[in-house]
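Just below is one structure, and these are the notes that go with it.
Numbering (the working numbering), first residue to last: -18 to 166.
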């Protein structure tokens, strides 16, 4: 009986340990280089430098394939020449499919991104185009590359392009290039 209990405990411990290698939690942060695609006639948009930060979970499904959902605070928008900034702050939830081209070292990442507006400063459109209503939801597709420097430390570059309009009154969509430094535990 004691041997059976010991064998059962060892099997459970081995299963938990092996599963823990496939599920990793982490953090990441870095700069955003954001702009708008599209626009209102007479308004010249320039890239806006801001930031993103948040938590990631990597679920390794196969040796060279993983899913990585993330929850990020992401500041986006654009600068408007001669007028000021258009700031859009989101809680973004990208769900990236990660294809390792070099096992556990280099990956190509792609997937959808769901963003929920938490704050906006749309004085630019209020003054130039009238009272603009900012959309509360942004849907985008994203793609990029991730390189692991060590087993946990990584750097990534990602571009996301909005498929929905950022404003109800202006035909603009978010476009963001992100550089991230992160760590998977």
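Heads up, the beta-carbon is just placed ideally off N, CA and C, and yes, glycines get one too. Source: prediction; values computed, not measured.
Cut-off 6 Å between Cβ atoms - residues of its own chain near residue i, not counting five sequence neighbours on either side
{"i": "residue 102", "result": "68"}
{"i": "residue 161", "result": "9, 11, 137"}
{"i": "residue 34", "result": "10, 54"}
Residues bridged to residue i [DSSP beta-bridge criterion]
{"i": "residue 141", "result": "123, 157"}
{"i": "residue 102", "result": "68"}
{"i": "residue 128", "result": "87, 136"}
Enclosing beta strand (DSSP E) for residue i [first to last residue]
{"i": "residue 133", "result": "Premise fails: residue 133 is in no beta strand (DSSP E) and is neither H nor E."}
{"i": "residue 41", "result": "29 to 43"}
{"i": "residue 72", "result": "65 to 83"}
{"i": "residue 47", "result": "46 to 61"}
{"i": "residue 14", "result": "4 to 19"}
Cβ-based burial, residue i [other Cβ within 10 Å; buried from 16]
{"i": "residue 135", "result": "buried"}
{"i": "residue 44", "result": "exposed"}
{"i": "residue 37", "result": "buried"}
{"i": "residue 199", "result": "Residue numbering for the chain in the displayed model covers -18 to 166; residue 199 lies beyond these limits and cannot be assessed."}
{"i": "residue 76", "result": "exposed"}
{"i": "residue 127", "result": "buried"}
{"i": "residue 17", "result": "buried"}
Own chain residues within Cβ distance below 7 Å of residue i, not counting five before or after
{"i": "residue 71", "result": "55, 57, 96, 97, 98, 99, 119"}
{"i": "residue 125", "result": "90, 137, 138, 139, 140"}
{"i": "residue 42", "result": "48"}
Own chain residues within Cβ distance below 8 Å of residue i, not counting five before or after
{"i": "residue 116", "result": "98, 145, 146, 147, 148, 149"}
{"i": "residue 81", "result": "44, 45, 46, 47, 87, 88"}
{"i": "residue 152", "result": "19, 20, 21, 146"}
{"i": "residue 122", "result": "91, 92, 93, 94, 141, 142, 144"}
Decide if the region 23 to 38 is in contact with the region 48 to 66; the criterion is three or more beta carbon pairs, one per stretch, under 8 Å apart.
yes
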